[in-house]
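Enquirer:
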Amino acid sequence: MNGTAVAIRDLTVRFHGRAVLEGVSASLPEGGCTVFVGPNGAGKTTLLLCLLGEVPYAGSIRLSARCAGRIGYVPQNLNFDVQTPVTVEEFLSLGVSRRPLWFGFGKKALALTREALEQVGLPDCAKLRLGDLSGGQMRRVLLASALLRKPSLIVLDEPAAGVDLKGERLFWETLDNARRRYGLTIAMVSHNLPLAAHYATHVICVHEGSVVEGSPRAVLTARNLIKVFGIPIHLYPDQCSEPQLQCPKCGAFGVEDEGQDQPGSACACPMGHEGILPAGPACLLPLAGVPAPDQGVEAAPDQGGAAAAGQACACRHGGGHA
Amino acid sequence: MLDFLLSLIGCIPLDCLELRFMQRAMLGLLLLAPMTAMLGVQIVHFRMAFYSDAIGHSAFAGAGIGMLLAVDPHLAMPVFGILVGLAIIALKRHTAISSDVAIGVVFSAVVAFGLAVVSRSPAVARDMQQFLFGDILTISDQEICFLMALFPAMLAFQAAGANQLFLIALNPVMARAHGIHTGLWQYLFAAMLALVVIFSVWAVGVLLVTALLIVPAAAARNIARSSRGMFWWAIALSVLSACLGLVLSLEDWLGTASGATIVLVATCFFALSTLPGIVRRERRG
């Protein structure tokens with residue numbers, strides 16, 4: 009990562025006189041995955057829409073020379089009737105073909121759409137109708153559409169909302185691979201804290217109109233999260249200094265005498281994990297069917313040892329320990 | 034040019050097409066049907082049936098204004114229709130009013146205005162019947178010339194804007210991120226739609242104008258496996274419905290209004306188009 013892709017300074021957004029964001033300053037590192045977290049109504053999506061120029065604001069948002077004018081956007085969903093016979097290939101070609109859809113696509117547009125589908129792990133979906141795709145497939149098609157524009161910055165608004173756990177995990181993995189392969193800067197809103205802790209390189213926590221930013225490990229602490237969400241969420245067991253008996257993870261952590269559920273010890277949490285508990289945020293094993301990033305690209309950011317060799321947790325849930 | 038086209042239509046071996054007014058009606062429909070089909074596909078995609086209905090009903094008020102101000106209704110109707118179309122888009126874009134409410138308010142206003150005009154003058158009320166039910170058989174050479182000018186403009190608009198309009202319909206924010214000027218294309222679409230809808234009012238009347246736009250596109254959606262297929266199927270079904278409806282309406286055993294017959298034929302095609310889906314569902318059990 010080199011420098012700052014997006015610099016936000018003193019950003020204020022008001023809707024009908026009410027301040028949604030007040031004097032917000034934050035930076036998105038270039039080539040990193042920045043995740044906006046926070047409760048509903050905190051202003052995450054508003055902040056994202058400011059990046060896209062969709063919402064009027066006071067203050068400044070400066071994009072690096074590499075990102076200016078090269079923004080891809082992945083919406084939560086498309087507004088279409090599931091009976092509409094638009095194929096994946098047609099949808100993707102809309103963004104790359106100058107020829108009207110009615111006259112078919114050129115060879116170049118076809119090759120580009122096929123390549124984009126392969127990048128997101130959907131090489132056989134070109135002829136499928138959009139309405140026939142699962143939620144997870146649809147999100148990856150939307151990602152392919154954004155990638156087709158060869159962006160430097162991709163903005164995603166809860167791209168995996170409503171997708172099952174496996175589909176969401178697959179989406180994040182695909183997105184992370186694309187980031188590493190093309191050096192993309194990613195700005196996304198997400199409510200999935202364990203996956204954010206695992207994949208994000210930078211987190212911006214939006215709460216009551218202001219933000220806290222930093223590395224996932226520095227921002228997604230139990231102390232911050234209980235302030236923001238009002239419930240105990242412990243993504244990093246080794247940071248649990250104050251046991252919360254309501255939380256299954258913390259409750260187990262509190263039983264120190266039994267020597268269970270400490271990082272590196274046998275996992276005996278009530279969720280049925282087996283194996284060794286990693287010290288990091290989530291025991292995420294590599295997924296089959298996701299194209300791996302090219303060799304020799306940027307190393308994965310340190311996620312506190314999650315999914316590191318020798319620490320594989322055969323977690324049946326495939327998620328975090330939150 | 035017009036005479037050449039009319040004489041070409043006269044070569045079709047059908048007795049009814051030997052008459053000049055029938056040749057004009059057929060040519061008018063051959064120009065109008067593909068345009069309504071193209072826009073119909075987009076209306077179905079954009080879920081704008083109510084919008085086209087509002088513009089159709091604005092023809093009623095436009096004609097009323099024309100009659101009151103002694104302006105040719107053929108000029109007053111398209112101008113008023115375009116203004117109504119643009120006003121709805123402006124309301125949607127610049128206020129927090131939802132799309133349905135914006136259309137509903139404008140729709141009610143133009144219908145009420147049309148009725149108010151009609152209620153003031155019985156003579157105007159008689160003329161208004163033409164706009165309610167339409168009559169393609171009375172289309173003039175001047176109107177056909179206007180359609181001939183509108184047709185290439187529509188093709189150019191579709192060639193330049195079909196992909197952009199589709200992306201805007203799917204997600205306006207995504208379209209803007211793709212560098213598409215959504216406002217420009219929405220206003221242009223509204224203007225083109227208003228023009229075609231007003232001409233369709235002359236053919237089938239205010240009451241059936243939405244059917245002429247929607248039914249062929251809806252039938253095409255049932256048959257087609259891709260968007261491209263839907264576009265061409267819609268044009269084929271629209272032209273076929275128009276030609277068959279016109280010819281059938283003049284048969285002695287039927288003798289119905291041409292506009293209504295055209296829409297009925299299109300509706301039959303729609304009913305047929307649902308059969309493959311029903312069979313597929315039956316097979317699946």
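Protein chains in written order, with this note's numbering: chain V, 9 to 330; chain B, 34 to 318. Ideal Cβ placement from N, Cα and C applies to all residues, glycine included.
Count the other CB atoms within 10 Å of the CB of B/Met34; is the residue buried (16 or more) or exposed (fewer)?
Expert: Residue 34 of chain B sits at position 1 when you count from the first residue of the second sequence. So B/Met34 ends up on the exposed side.
Enquirer: Taking only the alpha-carbon atoms, compute the straight-line gap between B/Ile98 and B/Leu203 and give it to the nearest angstrom.
Expert: To locate residue 98 of chain B, count along the second sequence from 1; it is residue 65. To locate residue 203 of chain B, count along the second sequence from 1; it is residue 170. In a straight line, the C-alpha of B/Ile98 is about 37 Å away from that of B/Leu203.
Enquirer: Going along the chain, which residues of its own chain have a beta-carbon closer than 7 Å to the beta-carbon of B/Ile88, five neighbours each way excluded?
Expert: As a position in the second sequence, residue 88 of chain B is number 55, starting the count at 1. Closer than 7 Å at the Cβ level, and outside the excluded window around B/Ile88, lie Gly114, Val117, Gly118, Leu226, Ala227, Val230.
Enquirer: Does chain B have any CB closer than 8 Å to the CB of V/Ser105?
Expert: Within the first sequence, residue 105 of chain V is the residue found at index 97, counting from 1. So, interface residue.
Enquirer: If we count the other Cβ atoms within 10 Å of its Cβ and call it buried at 16 or more, is V/His210 buried or exposed?
Expert: On the first sequence, residue 210 of chain V is found 202 positions in, with the first residue counted as 1. So V/His210 ends up on the buried side.
Enquirer: Could you check whether B/Met110 and B/Ala381 sit closer than 8 Å to each other, using their CB atoms as the reference points?
Expert: The question about residue 381 of chain B has no answer here: the residues shown for chain B are numbered 34 through 318.
Enquirer: Do V/Leu178 and V/Gly144 have their C-beta atoms closer together than 8 Å?
Expert: Your numbering for residue 178 of chain V matches position 170 in the first sequence. Your numbering for residue 144 of chain V matches position 136 in the first sequence. Yes, the Cβ-Cβ distance between V/Leu178 and V/Gly144 is below 8 Å.
Enquirer: Going by other Cβ atoms of all chains shown within 10 Å of its Cβ, with 16 needed for buried, is V/Glu181 buried or exposed?
Expert: Within the first sequence, the letter at position 173 stands for residue 181 of chain V. V/Glu181 should be labelled buried.
Enquirer: Would a C-beta distance cut-off of 8 Å place B/Ala82 and B/Thr243 closer than the cut-off?
Expert: For the purposes of this step, residue 82 of chain B is taken as residue 49 along the second sequence, with counting starting at 1. For the purposes of this step, residue 243 of chain B is taken as residue 210 along the second sequence, with counting starting at 1. Yes, these two residues count as a Cβ contact at 8 Å.
Enquirer: Skipping 5 residues on each side, what residues in its chain have a beta carbon closer than 8 Å to that of V/Leu192?
Expert: Residue numbering aside, residue 192 of chain V sits at position 184 when the first sequence is read from its first letter. So the qualifying residues of the chain are Gly39, Pro159, Ser160, Leu161, Ile162, Ala186.
Enquirer: Using beta-carbon positions only, say whether B/Val139 and B/Ala123 come within less than 8 Å of one another.
Expert: Locating residue 139 of chain B in the second sequence gives position 106, where the first residue counts as 1. Locating residue 123 of chain B in the second sequence gives position 90, where the first residue counts as 1. No; because the gap between Cβ atoms is not below 8 Å, this pair is not in contact.
Enquirer: Let's see if you can read the secondary structure: which residues bound the alpha helix (DSSP H) around B/Ser260?
Expert: The sequence position of residue 260 of chain B within the second sequence is 227, counting from 1. Where B/Ser260 is concerned, the enclosing alpha helix (DSSP H) stretches over 260-282.
Enquirer: Is the shortest distance between the beta-carbon of V/Tyr65 and the beta-carbons of chain B less than 8 Å?
Expert: Here the question's residue 65 of chain V lines up with position 57 in the first sequence. Judged by the 8 Å Cβ criterion, V/Tyr65 is not in contact with chain B.
Enquirer: What's the C-alpha gap between B/Gln219 and B/Arg126?
Expert: In the second sequence, counting from the first residue as 1, residue 219 of chain B sits at position 186. In the second sequence, counting from the first residue as 1, residue 126 of chain B sits at position 93. Roughly 10 Å separates the two Cα atoms.
Enquirer: Here's a check: name, in chain order, each residue in its chain whose Cβ is nearer than 6 Å to the Cβ of B/Leu241, leaving out the five neighbours to either side.
Expert: For the purposes of this step, residue 241 of chain B is taken as residue 208 along the second sequence, with counting starting at 1. Result list for B/Leu241: Gly292, Val296, in chain order.
Enquirer: Give me the chain V residues within the contact set of B/Ser260, using Cβ-Cβ distance strictly less than 9 Å, ordered along the chain.
Expert: Stepping through the second sequence from its first residue, residue 260 of chain B is reached at position 227. Neighbours of B/Ser260 on chain V, chain order: Thr92, Pro93, Val94, Thr95, Glu98, Phe99, Leu109, Trp110.
Enquirer: Just to confirm, are B/Ser274 and B/Val298 a CB contact at a threshold of 8 Å?
Expert: Taking the second sequence and counting its residues from 1, one reaches residue 274 of chain B at position 241. Taking the second sequence and counting its residues from 1, one reaches residue 298 of chain B at position 265. Yes, these two residues count as a Cβ contact at 8 Å.
Enquirer: Enumerate, from N- to C-terminal direction, the unbroken alpha helix (DSSP H) stretches of 4 or more residues contained entirely within the segment 68-140 of chain V.
Expert: You should have 96-102, 115-127.
Enquirer: So with Cβ pairs under 8 Å, would you call V/Gly80 a contact of chain B?
Expert: Stepping through the first sequence from its first residue, residue 80 of chain V is reached at position 72. Yes, V/Gly80 lies at the interface with chain B (some Cβ there is under 8 Å from its Cβ).
Enquirer: To the nearest angstrom, how far is the alpha carbon of V/Ala27 from that of B/Ile247?
Expert: In the first sequence, the residue the question calls residue 27 of chain V occupies position 19. In the second sequence, the residue the question calls residue 247 of chain B occupies position 214. Their Cα atoms are separated by approximately 44 Å.
Enquirer: Measure the C-alpha to C-alpha separation of V/Gly272 and V/Leu228 and round it to an integer number of angstroms.
Expert: Along the first sequence, read from residue 1 onward, the residue named residue 272 of chain V stands at position 264. Along the first sequence, read from residue 1 onward, the residue named residue 228 of chain V stands at position 220. Here the model assigns V/Gly272 a pLDDT of 40, short of 50, so the residue's position is not dependable, and the following value carries that caveat. Their Cα atoms are separated by approximately 21 Å.
Enquirer: What are the boundary residues of the beta strand (DSSP E) that includes V/Leu161?
Expert: Indexing the first sequence from 1 puts residue 161 of chain V at position 153. Unbroken beta strand (DSSP E) run through V/Leu161: 161-165.
Enquirer: Nearest to V/Glu98 by CA position, among V/Asn200, V/Cys133, V/Val45, V/Arg147, is which residue?
Expert: By 1-based counting over the first sequence, the position of residue 98 of chain V is 90. Of V/Asn200, V/Cys133, V/Val45, V/Arg147, the residue nearest in Cα terms is V/Cys133.
Enquirer: B/Phe302 versus chain V: which residues are under 9 Å apart at the beta carbon?
Expert: Locating residue 302 of chain B in the second sequence gives position 269, where the first residue counts as 1. Ordered by position in chain V, no residue passes the 9 Å Cβ test against B/Phe302, which lies about 17 Å from the chain.
Enquirer: In the segment 214-246 of chain V, which residues sit with their C-beta less than 8 Å from some C-beta in chain B, listed in chain order?
Expert: Taking 8 Å as the Cβ-Cβ cut-off against chain B, none of the residues of the segment 214-246 of chain V qualify.
Enquirer: Whose C-alpha, out of B/Leu283, B/Ala236, B/Ala251, is nearest the C-alpha of B/Met71?
Expert: Position 38 of the second sequence holds residue 71 of chain B. Out of B/Leu283, B/Ala236, B/Ala251, B/Ala251 has the C-alpha closest to the C-alpha of B/Met71.
Enquirer: Leaving out five residues before and five after V/Ser219 in sequence, what residues of the same chain have Cβ atoms less than 6 Å from its Cβ?
Expert: In the first sequence, counting from the first residue as 1, residue 219 of chain V sits at position 211. It should be pointed out that residue 219 of chain V corresponds to Val in this sequence rather than to Ser. Correct list, in chain order: Val32, Ala34, Ile212.
Enquirer: Note down, in chain order, every chain B residue with its Cβ under 7 Å from the Cβ of V/Leu86.
Expert: On the first sequence, residue 86 of chain V is found 78 positions in, with the first residue counted as 1. Those within 7 Å of V/Leu86 in chain B are Leu203, Asn204.
Enquirer: Under 8 Å between the Cβ atoms of V/Ala7 and V/Asn200?
Expert: A question about residue 7 of chain V goes unanswered here, because the residues of chain V that appear run from 9 up to 330.
Enquirer: Straight-line CA distance for B/Leu52 to V/Leu138?
Expert: By 1-based counting over the second sequence, the position of residue 52 of chain B is 19. By 1-based counting over the first sequence, the position of residue 138 of chain V is 130. Going from the Cα of B/Leu52 to the Cα of V/Leu138 covers about 49 Å.
Enquirer: Measuring only the C-alpha atoms, how far is B/Trp265 from V/Trp110?
Expert: Mapped onto the second sequence, residue 265 of chain B falls at position 232. Mapped onto the first sequence, residue 110 of chain V falls at position 102. Approximately 8 Å between the Cα atoms of the pair.
Enquirer: With a threshold of 16 other CB atoms inside 10 Å of the CB of V/Lys235, please say whether the residue is buried or exposed.
Expert: Stepping through the first sequence from its first residue, residue 235 of chain V is reached at position 227. Classification of V/Lys235: exposed, given that the 10 Å Cβ count is below 16.
Enquirer: Just checking my contact of V/Asp165 with V/Leu56 at CB under 8 Å: how many whole Å lie between their CB atoms?
Expert: Translated into positions along the first sequence, residue 165 of chain V becomes position 157. Translated into positions along the first sequence, residue 56 of chain V becomes position 48. That pair is a contact at about 6 Å.
Enquirer: At what residues does the alpha helix (DSSP H) containing B/Leu217 begin and finish?
Expert: Counted from its first residue, the second sequence places residue 217 of chain B at position 184. Per DSSP, B/Leu217 belongs to the alpha helix (DSSP H) from 215-237.
Enquirer: Can you tell me whether B/Phe79 is buried or exposed? The criterion is at least 16 other CB atoms within 10 Å of its CB, across all chains shown.
Expert: To locate residue 79 of chain B, count along the second sequence from 1; it is residue 46. B/Phe79 comes out buried.
Enquirer: Could you compute how far the alpha carbon of B/Glu315 sits from the alpha carbon of B/Pro249?
Expert: The residue given as residue 315 of chain B occupies position 282 in the second sequence. The residue given as residue 249 of chain B occupies position 216 in the second sequence. Cα to Cα, B/Glu315 sits roughly 25 Å from B/Pro249.
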